[in-house]
């Protein structure tokens, strides 16, 4: 007997695919509605840019240049979005590194062992430490 491959179960595969798509759509809606509530709570404007198929969101928080109060509200909103992402089982980063704003979220998400692994790779590729010094890894206890 040959094991069935993808799509060989007809209606069952179609139903599973539709269910998975509905689940991903619902999760995107939950994330987007949460971001909208965060924007309102912090009195900031948040535009959402996303990868079309995988649910990867990139909230863009807009604050006027020179408005320190707006900048502080934007940072608080950003931190709440990162925390919410992790609460929903997401990750601070996926296919690339994190920026300075995401370092605290990465510190909360990544174990010291994982950070050490990343540092070992970085040190192997950049032994002189000249590529983005001090900006690649969270500091402190990541547990």
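Residue numbers (the working numbering): 10 to 152.
Cβ atoms here follow ideal geometry from the backbone N, Cα and C, with glycine treated the same way.
With C-beta atoms as the reference, is residue 101 less than 9 angstroms away from residue 82? Taking the C-beta atoms as reference points, residue 82 is found no nearer than 9 angstroms to residue 101.
So the candidates are 114, 142 and 50; which of them puts its Cα closest to the Cα of residue 88? Comparing Cα-Cα distances from residue 88 to each of 114, 142 and 50, the minimum goes to 114.
Given a cut-off of 9 angstroms, decide if residue 147 and residue 110 are closer than it, judged by their beta-carbon atoms. no
Quick check on residue 136: does DSSP put it in helix, strand or coil? coil
Within the stretch 98-130, note down every full alpha helix (DSSP H) run reaching 4 residues or more, in order along the chain. 112-118
Which partner residues of residue 66 appear in the DSSP bridge assignment? 59
Is it buried or exposed for residue 137, if we count other Cβ within 10 angstroms and need 16 for buried? exposed
Quick check on residue 134 - is its C-beta less than 9 angstroms from some C-beta in chain B? Any reference to chain B falls outside this structure, which holds one protein chain only.
Whole-angstrom distance between residue 107 and residue 69, CA atom to CA atom: 15 angstroms
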